[in-house]
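The structure under discussion appears below in the form of structure tokens.
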Amino acid sequence: FPVAVQNFLRNYAWPGNVRELKNLVHRLLILGSGEEVELDEVKTALGEIVTKEAIEAPEFYDLPLKEARERFEKAYLEYHLEKHGGSVARLSQAIGMERTHLYRKLHSLGIKFKDKR
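Counting from -13, one number per residue, gives the positions in the sequence shown under the working numbering.
Shown next as structure tokens:
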């Protein structure tokens, strides 16, 4: 693993245990796209783990529907915004939402972004 990936994994606040780290490393080595595991691959894999855990977390189901939906939408949009390099235009295209509606949604959820208009 490159030093940047090692540092990221070392500094990551692991919500699970050592088994989670072992499974992540195993999956990255098997499914990796190149000779070295890239930082983006690690972040994507961790995003999938965190999203799955957040949705399966029992406390998520105890929230009122409006709050649960807002938390999900915020996590979903933040994940995809980062995945698309902070570009609201690319995010809009990727998730199938009109850009004007997306800007309103980002503002209402308090999601910061760089306006590249």
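Note that CB positions come from ideal geometry on N, CA and C, so glycine has one too.
All figures in this text were calculated on a predicted structure; none of them were measured in a lab.
May I have the straight-line CA-CA distance separating residue i from residue j, to the nearest angstrom?
i	j	result
Glu53	Gly82	23 Å
Ser19	Ala80	22 Å
Leu(-10)	Leu25	Before going further, note that residue -10 is Ala rather than Leu in the sequence given. If you take the alpha carbons of Ala(-10) and Leu25, they lie about 7 Å apart.
Leu51	Ala61	15 Å
Phe99	Ile16	34 Å
Phe(-13)	Tyr65	23 Å
Asp48	Glu21	44 Å
Arg90	Ile97	10 Å
Arg(-4)	Gly33	16 Å
Glu56	Tyr(-2)	25 Å
Would you say residue i and residue j are within 8 Å of each other, going by their C-beta atoms?
i	j	result
Arg5	Ala31	no
Leu95	Val74	no
Leu63	His70	no
So residue i packs on residue j, CB below 8 Å; how close in whole Å?
i	j	result
Val23	Phe(-6)	Val23 to Phe(-6), Cβ: 10 Å. No contact.
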